[in-house]
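Asker:
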Amino acid sequence: MPETTITSTDDTSNVVKPISYDVNHLYHLNNSDSPGMTLVNIVFDGRGYPGWRRSILLSLSAKKKLGFINGAYRSPNLKSLDHEQWSCVNDIVISWILNALSKDIVDSVIYYKIAKKLWDSVEQRFERSNGAKLYHLQKDLSGLVHGNSDIAGYFTKLKRLWDELDALNVIICCLCVCACEGKAKLTKSLED
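Position one of the sequence shown corresponds to residue 1 (the UniProt record's numbering), numbered consecutively onward.
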């Protein structure tokens with residue numbers, strides 16, 4: 001694993017001692033990783049949740065911090081040597097998420113102390129597929145016409161609506177083996 005070596009001077013003997021840490025460690029922060037950093041360029045205000053969520057997940061994944069919101073990087077024991085570093089990175093992740101939320105939403109989640117709990121709260125509130133959203137998407141899809149827009153613009157709008165509709169649909173995975181080939185038919189219909 002790549003390591004970075006930092007030298008420090010012992011106050012009593014003026015001897016330079018190397019200190020090594022793993023830059024691939026899950027608690028590693030880059031110099032640019034600050035609490036005021038903007039993780040995504042979209043401030044979520046209650047609209048467009050699927051796109052905002054995807055942007056956050058991509059950004060956290062790229063920074064190797066996704067585990068702080070999906071539960072993979074749980075808090076170590078308070079007596080553990082890693083607890084302080086975990087707490088520091090957890091607070092950074094909380095700050096990044098808060099920076100990507102509108103003030104009204106921030107006011108309702110600012111006191112969460114664990115990034116996963118904050119994320120779960122946002123997910124619970126905004127991820128739910130609701131009938132009204134589904135209705136509006138289907139209405140927008142059925143009312144979409146080529147009109148005066150160019151072909152690329154039309155298909156971009158159409159694709160965005162399809163993707164948003166697809167994100168709302170819950171896909172049921174069938175693991176059983178059956179003679180009627182229902183699983184194959186379901187898979188084909190979803191692909192179409």
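In this text, a Cβ means the ideal position worked out from N, Cα and C, and glycines have one as well.
At what residues does the alpha helix (DSSP H) containing G51 begin and finish?
Answerer: Here the alpha helix (DSSP H) through G51 covers Y49 to A62.
Asker: Taking only heavy atoms of the ligand NAD into account, decide whether any of them is closer than 7 Å to the Cβ of K116.
Answerer: The ligand NAD is not among the ligands present in this structure, which contains no ligands whatsoever.
Asker: Assuming A115 and N90 are in contact, meaning their beta carbons sit under 8 Å apart, how far apart are those beta carbons, in whole angstroms?
Answerer: Their Cβ separation, rounded to whole angstroms, is 5 Å, which keeps A115 and N90 in contact under 8 Å.
Asker: Check this for me: beta carbons of P50 and S95, under 8 Å apart or not?
Answerer: Contact flag unset, no.
Asker: Would you decide whether V40 is buried or exposed? Buried here means 16 or more other CB atoms lie within 10 Å of its CB.
Answerer: Buried: at least 16 other Cβ atoms inside 10 Å.
Asker: I'd like to know whether the C-beta atoms of L144 and K133 end up nearer to each other than 8 Å.
Answerer: No.
Asker: Specify, as a first and last residue, the run of the alpha helix (DSSP H) that N70 falls within.
Answerer: Looking at the DSSP string, the run of the alpha helix (DSSP H) that includes N70 is G67 to N70.
Asker: Answer yes or no: do W119 and I42 have a C-beta to C-beta separation smaller than 8 Å?
Answerer: No; because the gap between Cβ atoms is not below 8 Å, this pair is not in contact.
Asker: Counting only runs of 4+ residues fully inside the stretch 75 to 118, write out the alpha helix (DSSP H) ranges in chain order.
Answerer: Qualifying alpha helix (DSSP H) stretches, in chain order: 83 to 99 and 103 to 109.
Asker: Just how far apart, CA to CA, sit N31 and D22?
Answerer: Looking at the two C-alpha atoms, the distance is approximately 14 Å.
Asker: My output table needs one value for D166: the three-state DSSP class, helix, strand or coil.
Answerer: D166: helix per DSSP, three-state reduction.
Asker: Here's the rule: buried if 16 or more other CB atoms are within 10 angstroms of the residue's CB, otherwise exposed. What is L60?
Answerer: Classification for L60: buried.
Asker: Who are the Cβ neighbours of I92 in its own chain at under 7 Å, not counting the five residues just before and after it?
Answerer: Cβ within range, chain order: L29, D33 and P35.
Asker: Would you mind sorting L101 into buried or exposed? The rule is 16 or more other CB atoms within 10 Å of its CB.
Answerer: Label assigned to L101: buried.
Asker: Who are the near neighbours of V109 in its chain, counting only those whose CB is closer than 6 Å to its CB and skipping five residues on each side?
Answerer: Closer than 6 Å at Cβ, skipping near neighbours: L118 and S121.
Asker: May I have a chain-ordered list of the alpha helix (DSSP H) segments no shorter than 4 residues that lie completely inside the stretch 128 to 159?
Answerer: With a minimum length of 4 residues, the continuous alpha helix (DSSP H) runs that stay inside the stretch 128 to 159 are 131 to 143.
Asker: By a C-beta neighbour count over all protein chains shown, 10 Å radius and 16 as the cutoff for buried, is Y27 buried or exposed?
Answerer: It is buried - the Cβ of Y27 has at least 16 other Cβ atoms within 10 Å.
Asker: Which residues in the same chain have their Cβ closer than 6 Å to the Cβ of T38, if we skip the five residues on either side of it in sequence?
Answerer: The answer, listed in chain order, is N99.
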